[in-house]
Amino acid sequence: MSNEEFYLKVAKDPMRKVCELFRDLVGTTDRHVCIFIDDLDRCNADFVVDLLEGIQTSFRHEKVAYVIAADKAWIRAAFEARYPEFADHVGNPGQPLGYLFLEKIFQMSIPLPGMGARKAGYFGGLLGSEHIEDEARSIQLEIDEDTAEFDAAVAKKRAEIHEQFGRDLDRDRLDDLLARAKPEDAITRVAIVAEESESDTVKRETEHLLRRFAHLLPDNPRVMKRMINAFGMRRMILTLEGSNVPREVLARWTVLEQRFPALADLAGRIPDAAGPLAASVRRAPIFRRI
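As numbered in our numbering, residues 9 to 298 make up the sequence shown, in order.
Put into structure tokens, the structure is as follows:
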């Protein structure tokens, strides 16, 4: 193809050529690709919507996963600003228009855990230091060494669990191990999370538990899959944070997040509002069933 022919082809539909190059590039690798997008919540509404809709329509690929670090309230508001004419006709008070877009675009939404004391001290030290680069390099080396030691300790702990209880543990055994682990025992908690994430038995038990609440969700297999994924991720985060939340309690919270995300966000932002909210909706049959 001559330069002139190439230019004419691209000029007619430039995005088509970019999409073809993207698919060819991803298709030639034997690995999965993860694309990180940060600071999206610093962009205006049109840019946010155009980017996310562009990914959905032109840059989806079975080998590619997108991880977007952003305030979901900002993204939600961007879609509501872009499509205001639909706000009164689509969604409901518990799941307004913006939340519906979040559900359609993102397979999973994960809250970030709080910053630990070590990381807080690390950043505090950098902010108060005159030799930031040297100290940052020294601290990073320490972190790398600690990470290698930590990974080795987790592998050893998992081997001990396998020797004592075997593999493919059920949730009762894992819950018992978790109950005996101290909140600050990060090694044991990470080992338990790793075992739970690889256990086929726990997966079946989780699906059985969540099916009890299926009647509260839309009759859509995609919604149930989202609920299973959300439950599993929440479970892992709580375990790593040292919170031993009962599975049934977490299941009910997951249902609330999936069915009425606006209500769940309000309760999460203002915990003291949970009591008045519960009192105001107690008469609704669906909430009594949750």
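Glycine included, each C-beta is placed from N, C-alpha and C at the ideal position.
If I measure Cβ to Cβ from M244 and keep anything under 6 Å in the same chain, skipping five residues before and after, which residues do I get?
As a working mapping, residue 244 is identified with position 236 in the sequence shown. Excluding sequence neighbours, M244 sits near V201.
Please return the same chain residues whose Cβ sits closer than 8 Å to the Cβ of I236, not counting the five positions on each side in sequence.
The sequence position of residue 236 within the sequence shown is 228, counting from 1. So the qualifying residues of the chain are T214, E215 and L218.
Could you give the distance in angstroms between the alpha-carbon of I45 and the alpha-carbon of P104?
For the purposes of this step, residue 45 is taken as the residue at position 37 of the sequence shown. For the purposes of this step, residue 104 is taken as the residue at position 96 of the sequence shown. Taking the straight line from one Cα to the other gives about 25 Å.
In the DSSP assignment, what residue or residues form a beta bridge with Y74?
Residue numbering aside, residue 74 sits at position 66 when the sequence shown is read from its first letter. DSSP, once it has assigned bridges, lists I43 as partnering Y74.
Just to confirm before moving on: does the CB-CB distance between L8 and V210 stay below 8 Å?
There is no way to answer for residue 8, as the model of the chain reaches only from 9 to 298.
The alpha helix (DSSP H) with Y107 in it runs from where to where?
As a working mapping, residue 107 is identified with position 99 in the sequence shown. From DSSP, the alpha helix (DSSP H) with Y107 extends over L105 to I113.
Assuming the contact rule is C-beta atoms closer than 8 Å, A161 and I195 should be a hit. Round their C-beta distance to whole Å, please.
Locating residue 161 in the sequence shown gives position 153, counting from the first residue. Locating residue 195 in the sequence shown gives position 187, counting from the first residue. With a Cβ gap of about 5 Å, A161 and I195 count as contacting.
So, using beta-carbon positions, are Q172 and L225 closer together than 8 Å?
Counting from 1 along the sequence shown, the entry for residue 172 is found at position 164. Counting from 1 along the sequence shown, the entry for residue 225 is found at position 217. It is not a contact, given that the beta carbons lie outside the stated cut-off.
In three-state DSSP terms, what is N237?
Counting from one through the sequence shown, the residue named residue 237 turns up at place 229. Here N237 sits in helix by DSSP.
Measuring only between beta-carbons, confirm whether T155 sits less than 8 Å from chain E.
Structure shown: chain E not included; a single protein chain is present.
Over the uninterrupted alpha helix (DSSP H) stretch that includes M116, give me the two end residues.
The residue labelled residue 116 in the question sits at position 108 within the sequence shown. Here M116 belongs to no alpha helix (DSSP H), and DSSP marks it neither H nor E.
Quick one: Cα of E2 to Cα of F239, how far?
This structure gives no information on residue 2, because the portion of the chain shown stretches from 9 to 298.
Pick out whichever of T247, R230 and I118 has its Cα sitting closest to the Cα of E192.
By 1-based counting over the sequence shown, the position of residue 192 is 184. Out of T247, R230 and I118, T247 has the C-alpha closest to the C-alpha of E192.
Leaving out five residues before and five after L271 in sequence, what residues of the same chain have Cβ atoms less than 6 Å from its Cβ?
For the purposes of this step, residue 271 is identified with residue 263 of the sequence shown, where counting begins at 1. Excluding sequence neighbours, L271 sits near G102.
Here's the rule I'm using: 16 or more other beta-carbon atoms within 10 Å means buried, otherwise exposed. How should E203 be labelled?
If you number the sequence shown from 1, residue 203 lands on position 195. The residue in question, E203, is buried, as its Cβ has 16 or more Cβ neighbours within 10 Å.
Are the region 47 to 61 and the region 19 to 34 in contact at 8 Å, needing three or more beta carbon pairs?
Judged by Cβ distances under 8 Å, the region 47 to 61 makes no contact with the region 19 to 34, as fewer than three pairs qualify.
Pick out the complete alpha helix (DSSP H) segments inside the region 209 to 259, 4 residues or longer, and give them in chain order.
Correct list: 229 to 249.
What do you get for L177, buried or exposed, if any count of 16 or more other CB atoms within 10 angstroms of its CB means buried?
Stepping through the sequence shown from its first residue, residue 177 is reached at position 169. Buried, by the Cβ-count rule.
Between P229, K71, A78 and E93, which lies nearest to T37 when the distance is taken from Cα to Cα?
Counting from 1 along the sequence shown, the entry for residue 37 is found at position 29. Out of P229, K71, A78 and E93, K71 has the C-alpha closest to the C-alpha of T37.
Have a look at C42 and R68 and give me their C-alpha separation to the nearest angstrom.
For the purposes of this step, residue 42 is taken as the residue at position 34 of the sequence shown. For the purposes of this step, residue 68 is taken as the residue at position 60 of the sequence shown. Cα to Cα, the separation comes out at about 12 Å.
If you draw a straight line from the C-alpha of D154 to the C-alpha of A199, how long is it?
As a first step, residue 154 must be located in the sequence shown, where it is residue number 146. As a first step, residue 199 must be located in the sequence shown, where it is residue number 191. Roughly 16 Å separates the two Cα atoms.
Provide the residue span of the alpha helix (DSSP H) that contains T36, from first to last.
Indexing the sequence shown from 1 puts residue 36 at position 28. That run of the alpha helix (DSSP H) goes P22 to T36.
Any chance the CB of S117 is under 7 Å from a heavy atom of the ligand PLP?
No copy of the ligand PLP appears in this structure; indeed no ligand is present at all.
Could you check if E88 is buried or exposed, using at least 16 other CB atoms within 10 Å of its CB as the buried criterion?
Within the sequence shown, residue 88 is the residue found at index 80, counting from 1. Buried, because 16 or more other Cβ atoms sit within 10 Å of the Cβ of E88.
Pick from I278, K112 and F158: whose alpha carbon is nearest that of T65?
Residue mapping note: residue 65 aligns to position 57 of the sequence shown, counting from 1. With distances taken between Cα atoms, T65 lies closest to K112.
I believe D79 touches D58 by the beta-carbon criterion, under 8 Å. Please report the beta-carbon distance rounded to the nearest angstrom.
Numbered from its first residue, the sequence shown carries residue 79 at position 71. Numbered from its first residue, the sequence shown carries residue 58 at position 50. Wrong, their Cβ atoms sit about 18 Å apart, outside the cutoff.
Starting from N100, follow its DSSP beta bridges and name the residues at the other end.
Residue numbering aside, residue 100 sits at position 92 when the sequence shown is read from its first letter. Answer is Q103, bridged to N100.
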